[in-house]
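In the numbering used here, the protein residues as written are 837 to 1177. A virtual CB, placed ideally from N, CA and C, is assigned to each residue, including glycine. What you are looking at is a predicted structure, and each value in this text was computed from that prediction instead of being measured.
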Amino acid sequence: MRRAHFDALRPVCVVCRAASLSIAHVVREEDDDLLEGILQCTNAECQREYPVIDGIPVLVGPIRAWLAANPLQVLLRDDLSPELESLLGDVLGAGSAYDTLRQHTGMYAEDHYATHSARKLLDLWSGGGQAILPVRTDGTVRPPLALDVGCATGGVTFAIAERTNALTLGVDLNFAMLRVASKALRAGRVRFARRRVGIVYDRREIDVQSNANVDFWCCDATALPFANDAFQFGASLNIVDCVSAPREALRELARVVNGEVLVATPYDWAPTATPVEGWLGGHSQRGTNRGASEPVLHALLRELGLEIVRDEPHVPWRVRLHERSSVDYDVHAIVAKSAKT
C-alpha cells in the first residue's frame, strides 16, 4: 500500500462509516510502500482492524466471512515451480478451487498483459491516444485521482494511469488477481499459469512497465471505503454482471466520482455471481423493456445523476479460455459525466 495513495484518498471504515483509517502497525515496509501491517478505524467505538498483506490492504466489512470464503486466494504461495504447480493441479483435479483460481487468474492476466483486449475499451474515449481525463489544477496540491473498479490483474489500471496522469487506484475482491497486479507494480513482471488444455498449464512471464502512480487495494465494489466525490475519473469495465448487487456497485461508483465514468458490460448474467433479482434486465421479457438490459442501465445511470455522453452498443472483447477456445463478448460501453461537475 503506497502511502501517497493512502494519504490522498484518506479511506474510511467500511463498517462504521464514521471515521477514517490510520496505520496502526507496520510490520514490513519498503520506502513509502507498506507491505505488511494493520490499518485501524479511528472511531473509538469501532476500532475495526484491516490487514495489509503483500502490499494489498483488505478493506472489506465482513472480513471474517470474506477470509473464510477465500483462504486459498490469500494463503496460496506464488513462488512454487511450474512442476510443483502442475503436480498440485493433477492431485486436486479439474473443478477444484485451485483449478478454478488458476483458470480465472490466467485468463485475465493473459488479457491484461498479452492480448490487451479489455484495455482497448479505453480507446473509445481516448481521442486517438490523448488523455481521457485532462489533468486539471484547482489551486490545490492534490493530484487528480482515478479509480478502476474490478481491476482484476491490473493491466487496465496501468493504462488508465498512463492516459490520465492521475494517481490511480485499482480495486477488486479477488485477492489472487490482486497479487498478480501487485507483483506487476512492485517487481515489473507478471507470472501466471496459462491454461493449455484440461488441467495442463504453462508458466508465462511478461515484463511490465510499472507506474508509481498506481496502487491496488482489496475492496468491495458495493461498499467502497472512500468519501463522496473522492475521484475525478472512474472505470467499471466488465464487472457490472460479476457483482452481487449491480445497482449498489453503480451507486457507489457515482457517489465517489465527481467527473467522468466509463462503464462497460456484456450483460453475461449468471445466478452464481448475481441473484436474478439483481440483474439489470435479462429477465421478465413480458415487461416494458422486454427483458433488455441496455435501457435499464441507461435509466439507472440517469437516476444516479450521470449524464450519458457517449453510448457504444457493440465493442468486441475476446477472452482466451485455453489453446483451442476463446469467448467473444459483445460489450456495451457508456461514458457518462457526473452532474456535479
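Per the coordinates, the alpha-carbon of LEU895 lies some 32 Å from the alpha-carbon of LEU960. Between the alpha carbons of GLY990 and ASP1051 lies a gap of roughly 9 Å. If you draw a straight line from the Cα of ASN1074 to the Cα of VAL992, it comes to about 11 Å. In the three-state DSSP reduction, ASP1065 falls in the coil class, being neither helix nor strand. Measuring C-alpha to C-alpha distances from PRO1152 to each of TRP1053, ALA1128, ARG955 identifies ARG955 as the nearest. Distances from the alpha-carbon of ALA950 to those of ASP926, ASP914, ALA930, GLU1041 put GLU1041 closest. Classified as buried, ASN1094 has 16 or more neighbouring CB atoms from the shown chains inside 10 Å of its CB. Excluding five sequence positions before and after TYR1165, the CB atoms of its chain that fall closer than 6 Å to its own CB belong to PRO1102, TRP1153, given in chain order. Restricting attention to TRP1053, ALA1023, ARG1126, VAL850, the CA atom closest to the CA of ASP1043 is found in ALA1023.
Of LEU1009, VAL851, GLU865, the smallest CA-CA separation from GLN876 is found for VAL851. Within the DSSP bridge table, the entry for TRP1053 names VAL1007 as partners.
In the three-state DSSP reduction, VAL927 falls in the helix class (H, G or I). Judged by DSSP in its simplified three-state form, SER917 adopts coil rather than helix or strand.
When DSSP assignments are scanned along the segment 988-1039, the uninterrupted stretches of beta strand (DSSP E) that are 3 or more residues long and fall wholly within it turn out to be 1003-1008, 1025-1033. Taking the Cα positions, ARG846 is about 11 Å away from ILE859. ALA1169 is not a Cβ neighbour of GLU1143, given a cutoff of 8 Å.
Nearest to MET837 by alpha-carbon distance, out of LEU1021, GLY1141, VAL1079, LEU1086, is LEU1021.
Under the three-state reduction of DSSP output, TRP1153 falls in the strand class. Rounded to the nearest whole angstrom, the CA to CA distance from ALA855 to ASN879 is 5 Å.
If you check the CB distance, LEU981 and ALA1066 come in under 8 Å.
Apart from sequence neighbours up to five positions away, the residues of its chain that approach SER1046 with a beta-carbon distance below 6 Å are LEU1021, GLY1024, ordered along the chain. Contact check for ALA1029 against GLU921 passes: the beta carbons are separated by less than 8 Å. Sequence-distant partners of ALA1085 (beyond 5 residues in either direction) whose C-beta falls short of 8 Å from its own C-beta, in its chain, are VAL985, ALA1057, THR1058, SER1072, ILE1075, VAL1076, VAL1079.
If you compare the alpha carbons of ASN1049, PRO1111, ARG1015, PRO979 with that of GLU998, the shortest gap goes to ASN1049. Ranking VAL1007, ASP926, THR936, VAL1036 by CA distance to the CA of GLU1159 puts VAL1036 first. A straight line joining the alpha-carbon of HIS861 with that of PHE994 spans about 29 Å. Taken through DSSP and simplified to helix, strand or coil, THR1110 comes out as coil. ALA945 is positioned such that its CB atom lies no closer than 8 Å to that of PRO979.
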